[in-house]
Ligand code: G4P
Ligand code: NA
Ligand code: NA
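Laid out in C-alpha cells, this is it:
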C-alpha cells in the first residue's frame, strides 16, 4: 500500500534494536482517516473470504481491526492480555511470548463470542516474530473455527513471523513489508 509506505517514511522513527516507532498514526495517536483507508484495503483483500468475525489482540490491533470490521460489517473480538490465575473454564487461552518486551502474556477470548461456524480474519498492527498471530491461531484451533487469513499493517519481513505463517499455507496480506531498518533507514521489500 503506497500511501502506508509514504506515511511510514514521513512519520516513522527507527529506534535501536530494529524497532520502528509509528506513534504518530498507529500505536499512540491514531490517524482516523488514514486508519479508515487501512480498513478499506484489508476489506478489499479479503472480500471473497466469507469472513464472519475479526480477531485481534489489544491494544494496537484494535484500531485497524475495527476499521476492517466496519467495512465488512462483521464484529471484532480482541483477545485480552492478562495473567489469569482464576478459573478459565469460559475462556480460550494461549501463551504469547513477546521478544521485544521479554515477557510472556496469556491471551484470552471468551467462549461466549465464538460460534461454531465462524470464519475469522486475524488482524494485527505489527508482525515480527509472529507470536501474537500464533497465539490467535492457537485460540482458533481450540475453538475449532476456520481462519480465512491474516492481515498485518506493518510486516518486518526480516524477522521470522511472516515466513512461518506462509509456511502453514495461511493467506497472509501485509500492507507494508519492511526489508530492513539498518542504519536508521526504512527499506521496503520490492513489490
Ligand atoms: P510478534 O507478536 O510478532 O512476535 O511480536 P514481538 O513479540 O516481537 O513484539 C511484541 C510487541 O511489539 C507487539 O505489540 C508487536 O506488535 C510490537 N512490535 C514488534 N516489532 C515492532 C516494531 O518494530 N515497532 C512497533 N511499534 N511495535 C513492534 P504488543 O506487545 O502486543 O503491544 P500493543 O499491541 O499493546 O501495542
Ligand atoms: Na500488536
Ligand atoms: Na504494538
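In the UniProt record's numbering, the protein residues as written are 1 to 191.
C-beta: ideal position from N, C-alpha, C; glycine also.
Fair warning: this is a prediction, and the values are worked out from it, not measured in the lab.
- Between residue 53 and residue 74, the CB-CB gap stays under 8 Å.
- Proximity annotation: ligand 2 has residues 57, 60, 61, 124, 125, 126, 132 in chain order, each selected because its CB is closer than 7 Å to a heavy atom of the ligand.
- Assignment of residue 51 by DSSP, reduced to helix, strand and coil, places it in the coil class.
- Between the alpha carbons of residue 12 and residue 24 lies a distance of about 8 Å.
- For the 8 Å CB-CB criterion, residue 14 and residue 185 form a contact.
- In this structure the segment 153-160 does not touch the segment 105-113; the number of beta carbon pairs closer than 8 Å is below three.
- Distance from residue 27 to residue 124 at the Cβ level is roughly 12 Å; contact not present, criterion being Cβ atoms closer than 8 Å.
- Here the C-alpha atom of residue 178 lies approximately 27 Å from the C-alpha atom of residue 80.
- Taking C-alpha positions only, residue 128 is separated from residue 90 by approximately 30 Å.
- Residue 124 is bridged by DSSP to 152.
- Approximately 5 Å separates the beta-carbon atoms of residue 43 and residue 72; this is inside 8 Å, confirming the contact.
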